[in-house]
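Note that the protein sequences, when read in sequence, are chains X and S. The first sequence begins at 26 in the numbering used here and counts up by one. The second sequence begins at 620 in the numbering used here and counts up by one. For glycine and all other residues, C-beta sits at the position ideal for the given N, C-alpha and C.
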Amino acid sequence: MENIKLKATGVIIDEPLPQVPTITSAADQEIINDLLPQKFGKIGKIWVIFLSIICLIGMYAYYRQLRYGLAVTAMRDYVSWGIYISNFVFFVAISLVGSLITAIFRLAGVKWGAPLTRIAEIIALAAIVFASIIIIVDMGSPERFYNLFIHGRIQSPIIWDVIVITTYFFISILLLYYPLLPDIKILLRFKERSGKRLNQFYNFIGSFWIGSPEQFKLSDKAINILCITIVPVAFTIHTVTSWLFATTYRPGWDSTNFGAYFIAGAFLVGAGGVVVAMYVFRKAYRLEKYITENHFEKMGRVLVLLSLLYLYFNINEFLTPFFKMKESEAAYLNGLFTGDFAPVFWFAILIGMILPIVILVFKKGRKPLPVFIVGVMVVVGAWFKRYLIVTPTLLHPFLPMHDVPASYLHYFPSWEEWAITLGSLAGAMLIVTLLARIFPIIPIQETLTEQHEKDV
Amino acid sequence: MKRMYKTVGPALSIIFFLSGYCLAQGPQKGNVSIAVNYFVQNNQIPYVKVVAKTKVDGRFQPVPAIDVDVFLDKDSTGTKIGHLVTNSKGEATTLIPQSLKKEWATSVKHTFLASFAGNNKYEASKGDLTVAKAKVLISTNDKTITATVLDMKDTTWQPVKGVELKIVVKRSTGDLPVNETPTFTTDSTGKASADFKRNNIPGGPSGNITIAAKIEDNDQYGNLSIEKTVPWGAKFIPVNTFTERTLFATRDKTPIWLLFIAYVIVIAVWGILLMLVINIIKIKKLGKAN
Numbered sequence: 026m027e028n029i030k031l032k033a034t035g036v037i038i039d040e041p042l043p044q045v046p047t048i049t050s051a052a053d054q055e056i057i058n059d060l061l062p063q064k065f066g067k068i069g070k071i072w073v074i075f076l077s078i079i080c081l082i083g084m085y086a087y088y089r090q091l092r093y094g095l096a097v098t099a100m101r102d103y104v105s106w107g108i109y110i111s112n113f114v115f116f117v118a119i120s121l122v123g124s125l126i127t128a129i130f131r132l133a134g135v136k137w138g139a140p141l142t143r144i145a146e147i148i149a150l151a152a153i154v155f156a157s158i159i160i161i162v163d164m165g166s167p168e169r170f171y172n173l174f175i176h177g178r179i180q181s182p183i184i185w186d187v188i189v190i191t192t193y194f195f196i197s198i199l200l201l202y203y204p205l206l207p208d209i210k211i212l213l214r215f216k217e218r219s220g221k222r223l224n225q226f227y228n229f230i231g232s233f234w235i236g237s238p239e240q241f242k243l244s245d246k247a248i249n250i251l252c253i254t255i256v257p258v259a260f261t262i263h264t265v266t267s268w269l270f271a272t273t274y275r276p277g278w279d280s281t282n283f284g285a286y287f288i289a290g291a292f293l294v295g296a297g298g299v300v301v302a303m304y305v306f307r308k309a310y311r312l313e314k315y316i317t318e319n320h321f322e323k324m325g326r327v328l329v330l331l332s333l334l335y336l337y338f339n340i341n342e343f344l345t346p347f348f349k350m351k352e353s354e355a356a357y358l359n360g361l362f363t364g365d366f367a368p369v370f371w372f373a374i375l376i377g378m379i380l381p382i383v384i385l386v387f388k389k390g391r392k393p394l395p396v397f398i399v400g401v402m403v404v405v406g407a408w409f410k411r412y413l414i415v416t417p418t419l420l421h422p423f424l425p426m427h428d429v430p431a432s433y434l435h436y437f438p439s440w441e442e443w444a445i446t447l448g449s450l451a452g453a454m455l456i457v458t459l460l461a462r463i464f465p466i467i468p469i470q471e472t473l474t475e476q477h478e479k480d481v
Numbered sequence: 620m621k622r623m624y625k626t627v628g629p630a631l632s633i634i635f636f637l638s639g640y641c642l643a644q645g646p647q648k649g650n651v652s653i654a655v656n657y658f659v660q661n662n663q664i665p666y667v668k669v670v671a672k673t674k675v676d677g678r679f680q681p682v683p684a685i686d687v688d689v690f691l692d693k694d695s696t697g698t699k700i701g702h703l704v705t706n707s708k709g710e711a712t713t714l715i716p717q718s719l720k721k722e723w724a725t726s727v728k729h730t731f732l733a734s735f736a737g738n739n740k741y742e743a744s745k746g747d748l749t750v751a752k753a754k755v756l757i758s759t760n761d762k763t764i765t766a767t768v769l770d771m772k773d774t775t776w777q778p779v780k781g782v783e784l785k786i787v788v789k790r791s792t793g794d795l796p797v798n799e800t801p802t803f804t805t806d807s808t809g810k811a812s813a814d815f816k817r818n819n820i821p822g823g824p825s826g827n828i829t830i831a832a833k834i835e836d837n838d839q840y841g842n843l844s845i846e847k848t849v850p851w852g853a854k855f856i857p858v859n860t861f862t863e864r865t866l867f868a869t870r871d872k873t874p875i876w877l878l879f880i881a882y883v884i885v886i887a888v889w890g891i892l893l894m895l896v897i898n899i900i901k902i903k904k905l906g907k908a909n
């Protein structure tokens, strides 16, 4: 058998020349029928309308921000990064799931993760799109984004972030597109089910795929290269995001631990997002045969591992400063542990890390519903954790705040900020929903190949 | 009777009111203390500084914006040095004008008279200061500084013994004594010497520093000082990185190593991505060929 030898970044992958599966049996037909994209039902339509309304409210709030300036937000001289930046960090974090499920699992030979790859890639793409949008929203006037290119300095981590987010966005598109090609061929066979417009779209993006061994060879090679490339880029994207904070001398951000701390948190929230999506798609599209309890069991274990890892980094991040309690950081730390931010802080720690560990270490906790609930807890906890990374630090500068208006001393987002933030979250979920309507949420070709391998 | 009440009552009220108004004293005026100081720097034209203060709650406070006339020796129009207005610190200065050169030359001692005529807030006040003409010279030899104090006796300059003075290095924030001795006293030859012990003190790019001899608030001579520039400082060439390639420079001054690393990474990653896009074109061609 001919082997593909791919040598890149020191990794050699031996892989047999792909066998082109032929769809012959009734079993194959059943798999295809199960996995073809389905039209929205009543609940699906309500869900899309609901998300669209939230997006529209967010767009109206953004219109107000464009018209009246950033003054409509609660951000002032001290808290100049509010929930927009918290949300940006959250989106960047969740986008890392694409590299975890698709790339790391694939490179590590984790076969059971195959049905989850499309979900992970779609979430990653939606998240990175809205990470880019929300950072432009934070700039106030969108034309300032253009200034980044004409006046940007390569010495600034902000420019690194722009470069690396653009790169990650492009890789995410390719990583979604390449594995889709064999599925497009299948989708094109079901013109009536897809509808005319969707069929035209499939035709446009993948009619050239005939499924020849040569095409498979090129495609598999490309996917392997992408999997290798996306890992360092994914690590870079979140490390650079952490450096936006860590290169700034402020209480809570002055840490050498930040890159690893952010990446651990990103993998956790990404995995949390995937289990939530797994559960919802499994229920909505009746995919119990493909996303099995075993997947939840395995993802539950992954979540425990990632929760423990993130908890470890959090202990590192807070225990040593708490032990030293430097005067310049005392107000910040006390604010988190026992002060104004304590409810949110302990909520994020308990709901986002400790309870998930407690629930998931038990076998019963790794059933679909508990894993779904834990996934929701992890995602919600993670969002508030990002808020805690940004805001308390800005409210506790090293130099005391003197002679400033009372509104500068506190931060609570305005309705416009909430609307834009919720609109962006709804927008990301809308992209995931629409992509799940357009493309098979579980790779059909891979499932068929796997089935054939089992049969053999 | 009722009519009487009606007329006498208001009349008494008016009288009472007017008497109170007429007999009332105005607000008490404050006292101003006028001090006169005399300065000669580098043996050039002397100048006079007037300082006006008043006591408020037991503490002296400057009196700004008052008019003070300063005279030489006697309070007359012909000997008027100038009309001054104090600033926010209660101070005002004036040079001795050329028109008083003749009067200045007539005596080795002079009295400066400062007169404030008073205003609606302060009582009138006067101050005076008598000084003898004197000068300070400075010379250096092998890092030894010698200050000489001379005063005018008749028409010649004579050395003065027992005058206390400071020998210092001038710095941007104040004066630094040249060694551990804070003050020096002149000997019978009118000289006081000090060894310069502030080695390695930063000077300019040429290592120049300014040393000075100062007589301060002397009862006889006022404030005299003289300066001299000497090359005894450490040469200090400020390092200006503004035009150099640094991490904090402008975009056109990015360090080469950073540009190299950034470009290598960007080209490598985007090169791979470009290759993958070309790969799609190859797949497309394969599909069309079949």
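Secondary structure at Val-787 of chain S: strand, using DSSP grouped into helix, strand and coil. A straight line joining the alpha-carbon of Gly-69 of chain X with that of Gly-83 of chain X spans about 21 Å.
The Cβ of Glu-239 of chain X sits closer than 9 Å to at least one Cβ of chain S. A distance below 7 Å between beta-carbons, with the five flanking residues on each side excluded, links Leu-333 of chain X to the following residues of its chain, in chain order: Ile-382. In the assembly as shown, Trp-268 of chain X is a buried residue. Its beta-carbon has 16 or more other beta-carbons within 10 Å. For Lys-693 of chain S, the closest of S:Leu-719, S:Asn-909 and S:Pro-857 by C-alpha to C-alpha distance is S:Leu-719.
The Cβ atoms of Lys-699 of chain S and Asp-688 of chain S lie closer than 9 Å to each other. Contact check between the region 824-838 of chain S and the region 778-793 of chain S: three or more CB pairs, one atom from each, fall below 8 Å, which counts as touching. With respect to the 9 Å criterion, Gly-809 of chain S and Gly-852 of chain S are not classified as neighbours on the basis of their beta carbons.
Neighbours of Thr-869 of chain S in chain X, taken as residues whose beta carbon is under 8 Å from its own, are Arg-178 in chain order. Contact annotation: the region 838-850 of chain S touches the region 750-768 of chain S, with at least three C-beta pairs closer than 8 Å.
Secondary structure note for Trp-776 of chain S: its beta strand (DSSP E) is the uninterrupted segment 775-778. Look at Phe-338 of chain X here: in three-state DSSP terms it is helix. The DSSP-derived three-state label of Met-303 of chain X is helix. In terms of beta-carbon proximity, Trp-876 of chain S stays away from the interface with chain X, with every pair separated by 9 Å or more. Look at Ala-149 of chain X: its C-beta is not under 9 Å from any C-beta on chain S. Identification of residues in the region 248-281 of chain X having a C-beta nearer than 8 Å to some C-beta of chain S yields Ile-250, Leu-251, Thr-254 and Val-258, given in sequence order. Taken in chain order, the complete beta strand (DSSP E) segments of 3 or more residues contained in the region 830-898 of chain S are 841-849. Contact between Val-727 of chain S and Lys-772 of chain S holds, with the beta-carbon distance rounding to 7 Å and staying under 8 Å. At a cut-off of 9 Å between beta-carbon atoms, Tyr-227 of chain X makes no contact with chain S. Annotation for Gly-177 of chain X: Ile-184 place their beta carbon closer than 6 Å to its own, counting only its chain and skipping 5 residues before and after. Within the region 402-425 of chain X, not one residue has a Cβ closer than 9 Å to any Cβ of chain S.
Here Pro-393 of chain X is buried, its C-beta having at least 16 other C-beta atoms within 10 Å. With a threshold of 9 Å between beta carbons, Ile-891 of chain S makes contact with chain X.
Under the three-state reduction of DSSP, His-320 of chain X is assigned to helix. For Ile-886 of chain S, not one C-beta of chain X is nearer than 9 Å to its own C-beta. By the 16-neighbour rule on beta-carbons within 10 angstroms, Phe-170 of chain X is exposed.
Below 8 Å, too few C-beta pairs join the region 245-260 of chain X and the region 392-409 of chain X to call them touching: fewer than three. Interface annotation, Tyr-436 of chain X: not in contact with chain S, CB-CB separation never under 9 Å. Burial is judged here by how many other beta carbons sit within 10 angstroms of a residue's own beta carbon; Phe-241 of chain X has at least 16 and is buried. Taking a beta-carbon distance threshold of 9 Å, Ser-197 of chain X does not count as an interface residue toward chain S. Neighbours of Thr-873 of chain S in chain X, taken as residues at a C-beta separation under 8 Å, are given in chain order as Arg-178, Ile-179 and Gln-180. Close to Ala-881 of chain S, with beta-carbon spacing below 7 Å, are these residues of chain X in chain order: Ile-179.
Neighbourhood of Ile-188 of chain X in chain S, by CB distance below 7 Å: Val-885, in chain order.
DSSP places Ala-736 of chain S outside any beta strand (DSSP E), giving it a letter other than H or E. Closest option to Ile-469 of chain X, judged by alpha-carbon separation, among X:Tyr-109, X:Gln-90 and X:Pro-140: X:Pro-140.
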